[in-house]
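Quick note on numbering: the working numbering labels position 374 of the sequence shown as 379, and the sequence is numbered without any gaps.
Glycine included, each C-beta is placed from N, C-alpha and C at the ideal position.
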Amino acid sequence: MQHFATLFARLDQTNKTNAKVDALATFFDQAQDEDKLWAIALFSGKRPRRAVNTTLLRTWAAELSGLPQWLFEESYHVVGDLAETIALLLPPPEAGSDKTLKDWMAYLEATRDLEEEEKKQRILAAWSQLTAQERFVFNKLLTGGFRMGASQKLMVRALARHTGLEANAIAHRLMGEWLPQTANFQELLFSENTLDDLSRPYPFYLAYQLEDPVDSLGTPDDWQVEWKWDGIRGQLICRQGNIFLWSRGEELITEKFPEFESLVENLPEGTVIDGEIVVMKEGIPQSFNLLQTRIGRKKLSKKILMDAPAHMIAYDLLEWEGKDMRDKPLATRRGLLEGLITGMTNVPMSISETIAFDDWVPLAELREHARSYHAEGFMLKKLAAPYQVGRKRGDWWKWKVDPLTIDAVMIYAQRGHGRRANLFSDYTFAVWKEDALVPFTKAYSGLTDAEMREVDRFVKQNTLERFGPVRSVTPQLVFEIGFEGINKSPRHKSGVALRFPRILRWRTDKPPEQADTLAHLHQMLEQYG
């Protein structure tokens with residue numbers, strides 16, 4: 006556990022990529038194989054379910070610290086992170102511990118199903134033998150709010166340095182349904198047959214947002230252009246008579262989309278297709294909001310399957326007749342994909358439409374109307390490009406339509422987390438309905454550090470009421486809010502929900518009276534919802 010706590014601290018203390026890779030590689034050099042597996046799992050999002058609810062943890066920590074509950078809560082609001090607050094306030098440990106990361110993960114697993122008093126005794130016993138930094142990490146594992154400060158991509162780079170293997174091979178081998186409790190480090194990383202697990206997908210290739218003028222990409226003849234759909238990125242795998250479906254987040258979601266099981270009769274053995282899962286009605290992709298009605302449900306009723314029929318828009322062929330096609334040019338992969346899908350009928354799959362063009366100017370004009378096609382913009386892909394791993398610049402670009410915008414008044418603020426724990430950086434915004442402000446969205450990104458400090462000062466000087474960590478403030482500051490989409494929402498007082506809201510700019514030139522109205526939002530809902 007000491008090695009893992011040290012790793013966590015090193016990652017938290019730097020923003021430099023090479024320093025993070027160095028810290029990770031050092032951990033892998035020092036740790037036992039079982040601890041390496043757990044670290045890999047945590048970096049890959051394979052996190053255990055929460056063993057104890059946070060209300061109990063706060064009560065126990067206040068009691069052990071000898072603090073009244075109100076003072077503990079005030080400390081928590083200032084620090085902004087429960088795991089760190091507990092680690093800072095607990096008394097010094099009574100003894101040390103030589104338990105490994107694997108041991109502590111097993112300890113948490115055994116705690117989960119105990120009665121409340123037994124849980125309490127086990128958590129207090131753990132706190133009594135861990136150092137402050139180890140407690141911090143233990144508490145992070147305990148609460149489930151575990152952010153490592155480094156991406157899976159950096160972890161793979163560190164593993165490549167540690168093992169001497171190619172990073173691409175490691176990325177592939179770490180995908181799939183392996184578990185740290187049962188996996189073997191040597192078998193997981195050094196197995197040469199990457200198809201032993203029939204369901205195993207390939208690492209996804211990700212695109213950067215195009216920031217430069219589109220004509221900087223060169224001649225249009227070198228590029229393939231497709232609509233960018235707003236759905237769930239997925240890989241559909243057909244091997245040995247089985248269909249598997251993976252999300253970009255490396256979650257096996259086959260059972261959530263039973264419509265695709267029928268494709269086993271249409272796809273050749275050894276086929277892997279990359280595409281976008283959407284709800285399709287009468288040949289038209291529907292809003293992501295409708296797709297969300299299926300996400301997270303354990304059981305799918307006939308009504309849901311009928312109201313929100315799933316469909317895959319296929320745009321790449323990664324495996325064909327059992328052969329890895331990723332090193333082939335896109336033009337080759339696309340040709341094979343077209344030949345495969347063109348002959349299919351009455352199936353929940355179609356090929357992504359390409360846009361014919363010979364000049365960037367008319368393409369840019371068409372992009373402005375993307376929402377009328379129920380799309381987010383374009384994907385630009387170099388025809389000669391292989392299918393790479395992770396986010397790479399140069400061959401794939403997403404060229405999204407400009408965001409929808411609305412000017413809103415900030416009415417609530419809350420402290421952030423991590424390095425923002427001492428700043429009011431999470432905001433709630435409202436628009437006018439006659440002479441009243443109606444809240445409609447939250448946002449916490451888009452301001453510079455200097456602007457955030459200035460808003461923080463405003464919040465502290467203009468607080469009207471306090472609701473735990475939240476403060477209502479004088480409705481004075483106006484911000485331009487950008488968002489990708491808008492949908493009906495009976496759960497919200499405004500009647501709308503925004504997709505990916507963020508702050509575009511602080512409208513210091515506007516008084517609050519000139520902010521937008523709820524009627525304007527509803528007009529946008531009618532036009533784009």
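Residue i bridges to which residues according to DSSP?
i, result
"Leu211", "Arg396"
"Ser355", "Ile318"
"Trp401", "Lys386"
"Met415", "Phe434"
"Asp329", "Glu324"
"Glu281", "Arg238, Ile318"
"Asn271", "According to DSSP, Asn271 bridges with nothing at all."
"Gln229", "Lys386"
"Leu503", "Ile491"
"Ala441", "Lys438"
"Pro290", "Met285"
Of all the options the options, which has the alpha carbon lying nearest to the alpha carbon of residue i?
i, options, result
"Glu324", "Asp454, Arg476, Leu203, Lys405", "Leu203"
"Ala336", "Gly500, Tyr320, Ala520", "Tyr320"
"Tyr378", "Pro408, Tyr417, Gln291", "Gln291"
"Ser196", "Leu222, Ser221, Gly223, Thr168", "Thr168"
"Arg63", "Glu39, Asp40, Ile91", "Ile91"
"Gln481", "Gly490, Glu122, Leu469, Pro474", "Leu469"
"Gln245", "Thr59, Glu274, Glu256, Glu231", "Glu274"
"Asn351", "Leu503, Glu287, Thr276", "Glu287"
"Phe293", "Asp118, Glu122, Lys307, Leu503", "Leu503"
"Lys261", "Val277, Ile278, Leu241, Thr276", "Leu241"
"Arg238", "Val230, His527, Ser252, Glu231", "Ser252"
"Lys438", "Leu523, Gln466, Thr11, Leu193", "Leu523"
"Val478", "Asp226, Glu139, Trp75, Pro517", "Pro517"
"Asn492", "Lys403, Met110, Leu296", "Leu296"
"His82", "Pro391, Arg425, Arg205", "Arg425"
What does a CB cutoff of less than 7 Å around residue i pick up in its chain, not counting 5 residues either side in sequence?
i, result
"Thr259", "Ile248, Phe249, Leu250"
"Lys405", "Gln214, Lys233, Glu381, Gly382"
"Glu89", "Phe141"
"Leu272", "Cys243"
"Glu114", "Pro53"
"Arg376", "Val406, Tyr533"
"Ser494", "Gly500, Val501, Ala502"
Under 8 Å by Cβ, that's how I've got residue i and residue j pegged, so tell me the actual separation to the nearest angstrom.
i, j, result
"Ala520", "Val443", "Contact doesn't hold; Cβ gap of about 11 Å is too wide."
"Ala137", "Met384", "Not really, about 48 Å apart at Cβ, beyond 8 Å."
"Ile508", "Gly473", "Actually they do not touch by this definition, with Cβ atoms about 23 Å apart."
"Gln134", "Pro185", "Rounded, the Cβ-Cβ distance is 23 Å, inconsistent with contact."
Could you pull out every residue in the same chain whose Cβ sits closer than 6 Å to the Cβ of residue i, ignoring the five residues on either side in sequence?
i, result
"Asp431", "Gln419, Gly421, Tyr449"
"Leu200", "Unreliable placement is indicated for Leu200, whose pLDDT of 46 sits below 50; the coordinate value is still reported in the next sentence. Closer than 6 Å at the Cβ level, and outside the excluded window around Leu200, lies no residue."
"Phe9", "Leu106"
"Gln393", "Tyr210"
"Leu94", "Ser70"
"Thr116", "Ala56, Lys124, Arg127"
"Asp235", "Phe293, Glu381"
"Gly327", "Gly275"
Suppose the cutoff is 8 Å on Cβ atoms and the five residues either side in sequence are ignored; what does the same chain contact list for residue i look like?
i, result
"His537", "Because the chain in this structure spans residues 6 to 534, residue 537 falls outside the shown range and cannot be described."
"Asp17", "Gly154"
"Phe190", "Asp38, Glu39, Lys41, Leu42"
"Arg476", "Tyr417, Ala418, Gln419, Phe429, Val464, Thr468, Leu469, Glu470"
"Arg510", "Gly451, Phe484, Glu485"
"Glu1", "No statement about residue 1 is possible, as the shown extent of the chain runs from 6 to 534 and does not include it."
"His527", "Gly500, Val501"
"Gln74", "Arg63, Thr64, Ala67"
Is it the case that the CB of residue i approaches a heavy atom of the ligand ADP more closely than 7 Å?
i, result
"Lys158", "With respect to the ligand ADP, the structure offers nothing, as it holds no ligand at all."
Q. Are the stretch 32-41 and the stretch 57-77 in contact at 8 Å, needing three or more beta carbon pairs?
A. no
Q.
Between the stretch 213-232 and the stretch 252-269, can you find at least three pairs of beta-carbon atoms closer than 8 Å?
A. no
Q. Is it true that the stretch 14-27 meets the stretch 152-163, where meeting means three or more beta-carbon pairs spaced less than 8 Å apart?
A. yes
Q.
Taking 8 Å as the cut-off, does the stretch 355-370 touch the stretch 304-320 (at least 3 CB pairs, one atom from each stretch)?
A. yes
(Q) I'd like to know if the stretch 176-187 and the stretch 359-373 are in contact, where contact means that at least 3 CB-CB pairs between them fall below 8 Å. (A) no
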